[in-house]
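In the numbering used here, the protein residues as written are 1 to 208.
For glycine and all other residues, C-beta sits at the position ideal for the given N, C-alpha and C.
Keep in mind that this is a model prediction, so the values were computed, not measured.
Notes to accompany the following structure.
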């Protein structure tokens with residue numbers, strides 16, 4: 001339960017996030033990196049927030065290339081969840097290692113009341129989605145991590161992100177999106193789509 005919030009939200013952030021997703025509306029989700037930005041987003045009237053790996057890296061004075069630790073993330077997220085009841089989506093990059101590391105971060109963040117995590121399919125260490133030189137893991141490697149996350153969570157949602165549009169092609173992003181959906185991901189996030197038509201086509205073909 002948060003210490004500084006109004007009563008617009010419940011104490012069940014996962015249910016709140018599911019309700020937002022089922023509404024069918026476009027929901028703006030601002031990036032936050034600390035309690036202050038989370039409180040500001042809450043007071044402005046946003047209904048969901050995203051703990052951004054890029055913003056968190058910037059707040060530490062480091063580039064977004066996988067340099068902060070799992071413990072730094074957990075400690076910062078703890079203070080954010082104490083500052084607001086808004087559903088919080090946390091960017092966990094590539095999961096801080098292999099499947100066993102993914103399990104740990106899922107367990108830790110769910111205990112803190114996080115509504116969802118976003119797990120991406122880049123190699124580790126990753127690179128910011130807006131940078132050149134990204135590489136992605138095989139489908140099998142990613143699905144192993146994804147299934148570990150799904151098995152470890154109780155109610156928290158798992159968002160599967162693919163960077164394959166930028167690395168390979170739009171069709172590859174669609175292919176992976178369908179695979180990740182069929183592997184159990186609750187939401188698919190295609191990074192680096194290039195125009196509104198690609199977003200429409202992706203939504204129609206992946207249906208997730």
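Minimum C-alpha distance to residue i - residue among the options
i: residue 69; options: 88, 104 and 84; result: 104
i: residue 120; options: 113, 128 and 114; result: 128
i: residue 56; options: 184, 182, 91 and 196; result: 91
i: residue 186; options: 61, 207 and 192; result: 207
i: residue 124; options: 114, 194 and 135; result: 135
i: residue 189; options: 196, 182, 202 and 183; result: 202
i: residue 159; options: 181, 80 and 67; result: 181
i: residue 32; options: 146, 83 and 205; result: 83
i: residue 205; options: 64, 24 and 171; result: 171
Where residue i falls: helix, strand or coil (DSSP)
i: residue 86; result: coil
i: residue 70; result: helix
i: residue 91; result: strand
i: residue 157; result: strand
i: residue 189; result: strand
i: residue 31; result: strand
C-beta neighbour in chain D for residue i, strict 8 Å
i: residue 176; result: Reference to chain D is not applicable here, since this structure consists of a single protein chain.
Cα-Cα separation between residue i and residue j, rounded to whole angstroms
i: residue 216; j: residue 122; result: An answer regarding residue 216 cannot be provided, because it is not within the stretch 1 to 208 covered by the chain.
i: residue 210; j: residue 20; result: No information on residue 210 is available, as it lies outside the stretch 1 to 208 that the chain covers here.
i: residue 209; j: residue 179; result: A question about residue 209 goes unanswered here, because the residues of the chain that appear run from 1 up to 208.
i: residue 15; j: residue 30; result: 19 Å
i: residue 116; j: residue 76; result: 16 Å
i: residue 89; j: residue 138; result: 25 Å
i: residue 162; j: residue 44; result: 31 Å
i: residue 141; j: residue 108; result: 22 Å
i: residue 73; j: residue 143; result: 23 Å
i: residue 47; j: residue 148; result: 29 Å
i: residue 168; j: residue 176; result: 11 Å
Secondary structure, alpha helix (DSSP H): runs of 4+ residues fully inside the region 103 to 145:
Positions of the alpha helix (DSSP H) runs, each at least 4 residues long and wholly inside the region 103 to 145, cannot be given because no such run exists.
Whether or not the region 27 to 40 and the region 97 to 111 are in contact is what I'm after, with contact meaning three or more pairs of Cβ atoms, one per stretch, closer than 8 Å; do they touch?
no
Counting only runs that start and end within the region 35 to 69, where is the alpha helix (DSSP H) found for 4 or more residues in a row?
For the region 35 to 69, whole alpha helix (DSSP H) runs of length 4 or above, ordered along the chain, are 35 to 44 and 53 to 59.
The region 47 to 66 / the region 148 to 166 touching (three or more Cβ pairs under 8 Å)
no
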